[in-house]
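Asks: Below is the structure I would like to discuss, written out as structure tokens.
Number of protein chains: 2
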Amino acid sequence: MGATERREREKAAFREQVLDAARKIVLTHGFQALTMRKIAEAIEYAPGTIYLYFENRDAIAAELTQRGFEELLRAFAPATEIADPAERLKRIGELYVKFGLEHPETYRLIFMERYTSAVFDAKHDSGPGNQAFQFLIDAFDRLRAQGRLATDATSTQLADAFWCAVHGIVSLKLTCDGYPETPTGDLQRVMQSVLFRGVLK
Amino acid sequence: MGATERREREKAAFREQVLDAARKIVLTHGFQALTMRKIAEAIEYAPGTIYLYFENRDAIAAELTQRGFEELLRAFAPATEIADPAERLKRIGELYVKFGLEHPETYRLIFMERYTSAVFDAKHDSGPGNQAFQFLIDAFDRLRAQGRLATDATSTQLADAFWCAVHGIVSLKLTCDGYPETPTGDLQRVMQSVLFRGVLK
DNA sequence: GTCTATAAATCGATAGAC
DNA sequence: GTCTATCGATTTATAGAC
């Protein structure tokens, strides 16, 4: 039985090699450059070998997206300890935009390619997507409980709007080079102050 | 000389045929499906013939993007006549989101592919991009002149933030199927009310 | 001006030898 | 388990006949 376990480890190690190489390709040359042949070349295996560990290219892309999303979640960690819900939300917004701009290709892979739904597909489950989103909703719930909300919109609606706002900043900055012309930091601050002035009492 | 003018018209007509066919392909099958061969097949010409009228595929995509953007601008027309700057901005936001969701592939082509910069490249000129953007800035300038702004952010910053917000709604709805789960209309309204409560006195 | 034919480069995925 | 070899299908773009 030790042999099968060793084999299991080797299999996992090979998958890691593939995913690492794939990640590097996406990070440096963009998602469209992710081909089986390039991965194979990077790990010094024949292209066909990869198919013994991954069903196809999409399976690799999906797993990469999943991991990118988990990376984004980890970036939020510093914010989770902030007690005040408004300050917590502000910090999340900052960290979100920061992550998007510092990891453009990862962000693109997560939210601007066709594999996004995979992350959220466990819609009714406690998948990583909903888990993160619940975090936003909780913050707005907390604000409501403290009587600090100046709107009758639901927490889900507010969380969605919040997400749209920060995603808008990141995605526009990533695709429209030079636009918006306002520097990201200023844009983030203006958006933040406007949003919170609009939401809080 | 009549002959050269006729030829000029025929040349323009051929280009229109190509662009029409290309537009249909992008609209129905997405941008990645736009290939020279498919265009050629649609207009019943040999693939090589198109190269006599367009330098390459990118030139077609760029012109398509340009036209898509002008289409978006025309969608704003009903808003230009609204006298009150705040109401005008609200209407523009509505029309923007409406356009994006009703013409997803056109919107993708304009703001989510790699040809966006072409539209704005005349950065210091009065290109269509800046023209539309100036319209947003003017509205905020007007609000400021009327003493109705509750923020010290510049009009450019506010216009950029406004754009990010509506773009965030559209692009997230277009890529993350089912997310945000708030229906677009509600999302639009919540975003709008929050933004304007945050900006206006 | 248009076509046929094709070059040259990709790609994903598979079959079969070892 | 890995590789070689390759199928089969794409694509952009060009060369040369007509």
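Here the protein sequences come in this chain order: X and Z. Just so you know, we're using the working numbering here: the first sequence kicks off at 917 and counts up by one. Just so you know, we're using the working numbering here: the second sequence kicks off at 917 and counts up by one. In this text, a Cβ means the ideal position worked out from N, Cα and C, and glycines have one as well.
Where Z:L980 and X:A928 are concerned, what is the direct C-alpha to C-alpha distance, given to the nearest angstrom?
Replies: Rounded to whole angstroms, Z:L980 to X:A928 spans 46 Å at the Cα level.
Asks: Three Cβ pairs or more, each shorter than 8 Å: is that satisfied between the region 1073-1092 of chain Z and the region 1001-1018 of chain Z?
Replies: Touching, per the Cβ criterion.
Asks: How is X:L1074 classed by DSSP in three states: helix, strand or coil?
Replies: X:L1074 falls in the helix class under three-state DSSP.
Asks: Below 9 Å between beta carbons is the criterion; list the residues of the region 1049-1076 of chain X that meet it against any residue of chain Z, in chain order.
Replies: Listed by position along the chain: F1049, A1066, T1067, A1069, T1070, T1072, Q1073, L1074, A1075, D1076.
Asks: Just to confirm my understanding: we take X:V934, look at its own chain, exclude 5 residues before and 5 after, and list those with CB closer than 8 Å. What are they?
Replies: Cβ neighbours of X:V934 beyond the five flanking positions: I955, I959, I966, Y969, F970, I976.
Asks: In this structure, what does DSSP give as the bridge partners for Z:L1065?
Replies: In the DSSP output, where bridge partners are listed per residue, Z:L1065 has Z:L1116.
Asks: With 16 other CB atoms within 10 Å as the buried threshold, where does Z:P1099 fall?
Replies: The residue is exposed, with fewer than 16 neighbouring Cβ atoms inside 10 Å.
Asks: For X:H945, count the other beta carbons within 10 Å of its own beta carbon; 16 or more makes it buried, fewer makes it exposed. Which is it?
Replies: The residue is exposed, with fewer than 16 neighbouring Cβ atoms inside 10 Å.
Asks: Rounded to whole angstroms, what is the Cα-Cα separation between Z:D974 and X:N972?
Replies: Their backbone Cα atoms lie some 29 Å apart in a straight line.
Asks: Which of the three DSSP states, helix, strand or coil, is assigned to X:I998?
Replies: Three-state result, X:I998: coil.
Asks: Is the Cβ-Cβ distance between Z:G984 and Z:I1026 less than 7 Å?
Replies: Cβ atoms of Z:G984 and Z:I1026: closer than 7 Å.
Asks: Nearest-angstrom Cα distance between Z:A995 and Z:S1109?
Replies: Going by the C-alpha atoms only, they are around 18 Å apart.
Asks: I need the straight-line Cα distance from Z:S1087 to Z:M1107, nearest angstrom please.
Replies: Z:S1087 and Z:M1107: Cα-Cα distance of roughly 15 Å.
Asks: If you draw a straight line from the C-alpha of X:L1017 to the C-alpha of X:D1102, how long is it?
Replies: Rounded to whole angstroms, X:L1017 to X:D1102 spans 14 Å at the Cα level.
Asks: Could you tell me whether any Cβ in chain Z is nearer than 7 Å to the Cβ of X:P994?
Replies: Answer no: the Cβ-Cβ gap between X:P994 and chain Z never drops below 7 Å.
Asks: Give me, in chain order, the residues of the same chain whose beta-carbon lies closer than 8 Å to that of Z:K1014; leave out the 5 immediate sequence neighbours on both sides.
Replies: So the list reads A991, once near-sequence residues are dropped.
Asks: Considering only residues of the same chain and omitting the five flanking positions on each side of X:L989, which have a CB-CB separation below 8 Å?
Replies: The residues are P1044, Q1047, A1048.
Asks: Can you list, in chain order, the residues of its chain whose CB lies under 7 Å from that of Z:R953, leaving out five sequence neighbours each side?
Replies: Same-chain partners within the cutoff: P963.
Asks: Would you give the residue range spanned by the alpha helix (DSSP H) that X:H945 belongs to?
Replies: Looking at the DSSP string, the run of the alpha helix (DSSP H) that includes X:H945 is 918-945.
Asks: Check the Cβ-Cβ distances between X:G1084 and every residue of chain Z, and say whether any is below 7 Å.
Replies: So yes, X:G1084 belongs to the interface.
Asks: Just the C-alpha distance for X:T1091 and Z:T1032, rounded to the nearest angstrom, thanks.
Replies: Cα to Cα, X:T1091 sits roughly 7 Å from Z:T1032.
Asks: Straight-line CA distance for X:R1113 to Z:R1113?
Replies: Looking at the two C-alpha atoms, the distance is approximately 7 Å.
Asks: So the candidates are X:G918, X:P1001, X:E932, X:Q948; which of them puts its Cα closest to the Cα of X:M1028?
Replies: The candidate whose alpha carbon is nearest that of X:M1028 is X:Q948.
Asks: Quick check on the burial criterion: 16 or more other C-beta atoms within 10 angstroms. Buried or exposed for X:G1094?
Replies: Exposed is the call here.
Asks: Using beta-carbon positions only, say whether Z:I1085 and Z:S1071 come within less than 7 Å of one another.
Replies: Cβ distance not < 7 Å, so Z:I1085 and Z:S1071 don't count as in contact.
Asks: Can you give me, in chain order, the residues of the region 1090-1115 of chain X that have a beta carbon less than 8 Å from any beta carbon in chain Z?
Replies: So the close ones are T1091, C1092, D1093, G1094, Y1095, P1096, E1097, T1098, D1102, L1103, V1106, M1107, S1109, V1110, L1111, F1112, R1113, G1114, V1115.
Asks: Using the beta-carbon of each residue, which ones in chain Z are nearer than 9 Å to X:M1028?
Replies: Going along chain Z in sequence order, the residues near X:M1028 (Cβ under 9 Å) are M1028, S1087, T1091.
Asks: In whole angstroms, what is the alpha-carbon distance linking Z:T920 and Z:E986?
Replies: Whole-angstrom Cα-Cα distance: 29 Å.
Asks: Please tell me whether Z:T1032 has its Cβ less than 7 Å away from any Cβ of chain X.
Replies: So yes, Z:T1032 belongs to the interface.
Asks: Note down, in chain order, every chain Z residue with its Cβ under 8 Å from the Cβ of X:A978.
Replies: Chain Z residues near X:A978: none, gap ~15 Å exceeds 8 Å.
Asks: Where does the unbroken alpha helix (DSSP H) through Z:M952 begin, and where does it stop?
Replies: Start and end: 952-959.
Asks: In angstroms with no decimal places, state the Cα-to-Cα distance between Z:A993 and Z:L943.
Replies: Roughly 23 Å separates the two Cα atoms.
Asks: For X:C1080, name the three-state secondary structure that DSSP assigns.
Replies: Three-state DSSP puts X:C1080 in a helix.
Asks: Counting only the same chain and skipping the five closest in sequence on each side, list residues whose C-beta sits under 6 Å from that of Z:L1065.
Replies: Excluding sequence neighbours, Z:L1065 sits near L1059.
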